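Chains A and B, in that order, are what the protein sequence lines are.
Each residue of the first sequence is one higher than the last, beginning at 864 in the working numbering.
Each residue of the second sequence is one higher than the last, beginning at 864 in the working numbering.
A virtual CB, placed ideally from N, CA and C, is assigned to each residue, including glycine.
Remember, it's a predicted structure, so these values are computed and weren't measured experimentally.
Step one of this worksheet: look at the structure below.
There are 2 protein chains.
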Amino acid sequence: MRRSKKPFDLARMFAALADPTRLRLLNLMDGREICVCYFVEILKQSQPKISRHLAYLRNAGIVSARREGKWMHYRIERPEDTGGAAVLDAALRSFKGNRQMQADLAVLRKACCEPRGLVMLQGAPAPVPMATGVA
Amino acid sequence: MRRSKKPFDLARMFAALADPTRLRLLNLMDGREICVCYFVEILKQSQPKISRHLAYLRNAGIVSARREGKWMHYRIERPEDTGGAAVLDAALRSFKGNRQMQADLAVLRKACCEPRGLVMLQGAPAPVPMATGVA
DNA sequence: CCATTATATACGCCTTGACAGATATATCTT
DNA sequence: AAGATATATCTGTCAAGGCGTATATAATGG
Numbered sequence: 864m865r866r867s868k869k870p871f872d873l874a875r876m877f878a879a880l881a882d883p884t885r886l887r888l889l890n891l892m893d894g895r896e897i898c899v900c901y902f903v904e905i906l907k908q909s910q911p912k913i914s915r916h917l918a919y920l921r922n923a924g925i926v927s928a929r930r931e932g933k934w935m936h937y938r939i940e941r942p943e944d945t946g947g948a949a950v951l952d953a954a955l956r957s958f959k960g961n962r963q964m965q966a967d968l969a970v971l972r973k974a975c976c977e978p979r980g981l982v983m984l985q986g987a988p989a990p991v992p993m994a995t996g997v998a
Numbered sequence: 864m865r866r867s868k869k870p871f872d873l874a875r876m877f878a879a880l881a882d883p884t885r886l887r888l889l890n891l892m893d894g895r896e897i898c899v900c901y902f903v904e905i906l907k908q909s910q911p912k913i914s915r916h917l918a919y920l921r922n923a924g925i926v927s928a929r930r931e932g933k934w935m936h937y938r939i940e941r942p943e944d945t946g947g948a949a950v951l952d953a954a955l956r957s958f959k960g961n962r963q964m965q966a967d968l969a970v971l972r973k974a975c976c977e978p979r980g981l982v983m984l985q986g987a988p989a990p991v992p993m994a995t996g997v998a
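Take a look at the structure:
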């Protein structure tokens, strides 16, 4: 049976972006693959809450997950749809000028340099930079 | 009392964009000021529904309204926030590749050329092109 | 002033999704 | 197999917001 590719749902993507916690998660994932424990530690939010928002982003097709032992790594999955990808890129770029987002990235950098400082992150796999995909 | 400018709420803007009807409205407003009756006629949706969605966009600061006699004209209001404006622009551009959006614009063009054909639009003020603001 | 037209808002119903807190699942370690 | 750890899902509660229908408001024309 013909399974024609479902058309990209822009409104759905916007719904996925319509939450401050999810935006912060995407900001942290921008340009790297990163483990759930980092999100929990950096955003200082409950683990179930982080996990639910990640699930939402997964269902919306914006991020993908990869398991590595006990750890789950999340990364941004740029939509194939050109318009969708452009919107997502614009969103990610807009984070650059946002205080909160800058602060989150600062904490991430610090956590990566000295994970022993963050009890939660001892032994956790460090985030891995990725090609951005943005030409 | 200090009324410092409230910071632009990106998540809120995304929430405003997270509805197909509102996206269709924005598409029709892209580059022109246009009267409510056109929305009702082109989207073939109930007048209260259209009006509610326009109110939502107004509250989100994405559009502004201007009264002219019985008619209300709506236009897109680009956010002052650079990132917000960039996201909105990307969204508007993404409509270009969308069937539905293209079809809506085709109906609009037709309605403008021969408003007598649309009973609802007899005597209604025609949409007026605007500078896009996108440099 | 009354009717008509254009638009906005109110009401009631229903779904989605946010949250906290409890619990389930997967993996590793011993 | 029995913890321990990392993450996911379930449960119940609540607020936001979608819809249709009814009604309110604003402007215009007799």
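{"Check": "Unbroken stretches of the beta strand (DSSP E), 3 residues or longer, contained in the region 920–945 of chain A", "Outcome": "926–931, 934–939"}
{"Check": "CB of R938 (chain B) within 8 angstroms of CB of E904 (chain B), strictly", "Outcome": "no"}
{"Check": "Chain-ordered chain A contacts of D893 (chain B) [CB-CB under 7 angstroms]", "Outcome": "In chain order: nothing, as chain A lies at least about 13 angstroms away."}
{"Check": "DSSP-derived helix/strand/coil call for P990 (chain A)", "Outcome": "coil"}
{"Check": "Interfacial residues, the region 868–882 of chain A to chain B, with Cβ spacing under 7 angstroms", "Outcome": "L873, A874, F877, A878, L880, A881, D882"}
{"Check": "S957 (chain B) and G947 (chain A) closer than 8 angstroms at C-beta", "Outcome": "yes"}
{"Check": "Rounded Cβ spacing between T884 (chain A) and Q908 (chain A) (contact assumed at less than 8 angstroms)", "Outcome": "7 angstroms"}
{"Check": "Residue span of the alpha helix (DSSP H) that contains A881 (chain A), given as start and end", "Outcome": "Neither: A881 (chain A) is in no alpha helix (DSSP H) and is coded neither H nor E."}
{"Check": "Boundaries (first-last residue) of the alpha helix (DSSP H) holding F871 (chain B)", "Outcome": "From DSSP, F871 (chain B) is part of no alpha helix (DSSP H); its letter is neither H nor E."}
{"Check": "Partner residues on chain B for A954 (chain A), Cβ-Cβ distance less than 7 angstroms", "Outcome": "V950"}
{"Check": "Cutoff 6 angstroms; reference F964 (chain B); Cβ partners in own chain excluding five residues on either side", "Outcome": "In the sequence on display, residue 964 (chain B) carries Met and not Phe. Excluding positions up to five away in sequence, the list reads N890, F958."}
{"Check": "Chain B residues whose Cβ lies nearer than 7 angstroms to that of L886 (chain A)", "Outcome": "L873, A874"}
{"Check": "Euclidean distance between Cα positions of D882 (chain B) and L920 (chain A)", "Outcome": "17 angstroms"}
{"Check": "Amino acids of chain A, ordered along the chain, whose beta-carbon sits closer than 8 angstroms to that of G947 (chain B)", "Outcome": "S957"}
{"Check": "Closer than 8 angstroms to chain B by CB, G924 (chain A)", "Outcome": "no"}
{"Check": "Cutoff 8 angstroms: G932 (chain A) Cβ touching any chain B Cβ", "Outcome": "no"}
{"Check": "Environment of R887 (chain A) [buried if 16+ CB atoms lie within 10 Å]", "Outcome": "buried"}
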